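J.: Would you mind keeping the following structure in view while I ask a few things?
Protein chains: 2
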Amino acid sequence: MSNQEFVVLGQGGGPDACRPGLLAAPLAEDQAAELAKVFKALGDPVRLRLLSMIASRAGGEVCVCDLTPAFELSQPTISHHLKLLREAGLIASERRGTWVHYRLLPEMTDRLAGILTRTAGQPLHDSGEVPA
Amino acid sequence: MSNQEFVVLGQGGGPDACRPGLLAAPLAEDQAAELAKVFKALGDPVRLRLLSMIASRAGGEVCVCDLTPAFELSQPTISHHLKLLREAGLIASERRGTWVHYRLLPEMTDRLAGILTRTAGQPLHDSGEVPA
DNA sequence: GGCTTGTATCGATGGGTTTCGATTCAGTGT
DNA sequence: ACACTGAATCGAAACCCATCGATACAAGCC
Chain Z
9 MSNQEFVVLG QGGGPDACRP GLLAAPLAED QAAELAKVFK ALGDPVRLRL LSMIASRAGG
69 EVCVCDLTPA FELSQPTISH HLKLLREAGL IASERRGTWV HYRLLPEMTD RLAGILTRTA
129 GQPLHDSGEV PA
Chain A
9 MSNQEFVVLG QGGGPDACRP GLLAAPLAED QAAELAKVFK ALGDPVRLRL LSMIASRAGG
69 EVCVCDLTPA FELSQPTISH HLKLLREAGL IASERRGTWV HYRLLPEMTD RLAGILTRTA
129 GQPLHDSGEV PA
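If you're matching them up, the sequences are chains Z and A in order.
Offset between the first sequence (1-based) and this note's numbering: plus 8.
Offset between the second sequence (1-based) and this note's numbering: plus 8.
Encoded structure:
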């Protein structure tokens, strides 16, 4: 059996430790747990639409009062989804007077994009077997 | 029953020529639903580690017999997670003799990276960043 | 054919998630 | 102070998911 162990790099460093990305080296357990929280926040169609509405809005900010009526869901439900996105570090909220405004935190989406991007030194291995 | 559903993203009706990404325009409902399936597949620490093990392995393929003992989980559980990653279009499997080998489908991770990447024409609306 | 090993599927279960109505909190205006 | 509106929090109910043991399927070996 080709039972070859996966060496897990013991870098339990802070949240801004060196990140080689998903595709370069096996993820450590704690890194995987931390990342999974963010991806789980993206794993819901309502939250994805909320995030895209916030991120694509000219001016960078959206009032909750504009988001809630865009769905056929109750106000507490939208508030709950926004909370999950906020706890995942994807958005931030600010209250200005009566209304609460949300904005994208691009550091997180940048980080995810980097994690999912092949590095130049990572060859592709799939020479010839890709179906279409 | 073996519906190896290859999730096709953002295909409203044409080839993927215009895919603005999450951050450029609000997602349509069906696009969000399909994208959410893939992110949901990534929203589990075990699946993230499995994917990173598969993606980072030199040669591009990993035998299940190497993946299963790397976790303190039962063999059916690992098989279940691999199935979800496969149905999300992130990996593919091939049986060669006794063993089954998995490999990354880089089109999907590439697509996700693109979706999470700010386009150059999409400025950042710099506002006061961290609430000092 | 039987035996052994590797992998996938099945059925059940405990825990988590989505959603709601009701309530509470925050801010504005009267 | 009171009333009104926008948003968050609080249970609760329906649903989904991760995990397991048991079982079935696949391939090689005796």
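Cβ coordinates follow ideal geometry from the N, Cα and C atoms, glycine included.
Remember, predicted model here, so these are calculated numbers, not experimental data.
(1) What residue range is occupied by the uninterrupted beta strand (DSSP E) comprising L112 of chain A?
(2) For the ligand COA, is there any heavy atom lying closer than 8 Å to the beta carbon of L30 of chain A?
(3) Checking contacts by CB at 9 Å: is S101 of chain A closer than that to chain Z?
(4) If you measure beta-carbon to beta-carbon, which residues of the segment 47-65 of chain Z are closer than 7 Å to chain A?
(5) Could you give the residue range of the alpha helix (DSSP H) that holds A100 of chain A?
(6) Rounded to a whole number of angstroms, what is the C-alpha to C-alpha distance between A121 of chain A and T106 of chain Z?
(7) P28 of chain A to M116 of chain A, Cα distance in whole Å?
(8) Have a look at the DSSP bridge pairing and note the partners of C71 of chain Z.
(9) Which residues, in chain order, does the segment 84-98 of chain A contribute to contact with chain Z at a C-beta distance below 7 Å?
(10) Below 9 Å on C-beta distance, what does R126 of chain Z contact in chain A?
(11) Quick check: A63 of chain Z and A32 of chain A, are their CB atoms within less than 9 Å of each other?
(12) Our contact map puts R55 of chain Z next to H89 of chain Z with C-beta atoms below 8 Å; I'd like the distance itself, whole angstroms only.
(13) For E194 of chain A, name the three-state secondary structure that DSSP assigns.
(14) Note the first and the last residue of the continuous alpha helix (DSSP H) segment covering R144 of chain Z.
(15) CB-CB under 7 Å to I86 of chain A, same chain, minus the five flanking residues each way: which ones, in chain order?
(16) So, does the CB of R30 of chain A fall closer than 9 Å to a CB anywhere in chain Z?
(17) Which first and last residues belong to the alpha helix (DSSP H) in which A49 of chain Z is found?
(18) I'd like to know whether the C-beta atoms of A96 of chain Z and L50 of chain Z end up nearer to each other than 9 Å.
(19) Taking just the CA atoms, how far does A100 of chain Z sit from L113 of chain Z?
(20) How big is the Cα-Cα spacing for L30 of chain A and T127 of chain A?
(21) I need the straight-line Cα distance from E102 of chain A to R57 of chain A, nearest angstrom please.
(22) Looking at the structure shown, is A140 of chain Z part of a helix, part of a strand, or coil, going by DSSP?
T.: Reading from the atomic positions:
(1) Note, L112 of chain A: beta strand (DSSP E), 107-112.
(2) As for the ligand COA, it is missing from this structure, which has no ligand bound.
(3) Answer no: the Cβ-Cβ gap between S101 of chain A and chain Z never drops below 9 Å.
(4) Hits within the stretch, in order: F47, K48, L50, G51, D52, P53, L56, R57, L59, S60, M61, A63, S64.
(5) In this chain, A100 of chain A is not harboured by any alpha helix (DSSP H); it is covered by the beta strand (DSSP E) spanning 99-104.
(6) Going from the Cα of A121 of chain A to the Cα of T106 of chain Z covers about 37 Å.
(7) Rounded to the nearest angstrom, the two C-alpha atoms are 16 Å apart.
(8) In the DSSP output, where bridge partners are listed per residue, C71 of chain Z has Z:H109.
(9) From the segment 84-98 of chain A, no residue has a Cβ closer than 7 Å to chain Z.
(10) Identification of chain A residues near R126 of chain Z by a Cβ-Cβ cut-off of 9 Å yields A63, P114, T117, D118, A121, ordered along the chain.
(11) Contact flag set, yes.
(12) So it is a contact: roughly 5 Å between Cβ atoms.
(13) Lying before the first or after the last residue shown, residue 194 of chain A is absent from chain A, which here runs from 9 to 140.
(14) It is not possible to answer for residue 144 of chain Z, since the shown part of chain Z is limited to 9 through 140.
(15) A distance below 7 Å between beta-carbons, with the five flanking residues on each side excluded, links I86 of chain A to the following residues of its chain, in chain order: L75, T76, F79.
(16) First, the residue type needs correcting, since residue 30 of chain A is Leu and not Arg in the sequence shown. For L30 of chain A, the answer is yes, since a Cβ of chain Z falls inside 9 Å of its Cβ.
(17) For A49 of chain Z, the enclosing alpha helix (DSSP H) covers residues 37-50.
(18) Their beta carbons are under 9 Å apart, which means A96 of chain Z touches L50 of chain Z by this criterion.
(19) Rounded to whole angstroms, L113 of chain Z to A100 of chain Z spans 7 Å at the Cα level.
(20) One C-alpha to the other measures close to 10 Å.
(21) In this model, E102 of chain A and R57 of chain A are separated by some 20 Å (Cα to Cα).
(22) Annotation note: pLDDT 36 at A140 of chain Z (below 50); position unreliable, coordinate value reported separately. Secondary structure of A140 of chain Z (DSSP, three-state): coil.
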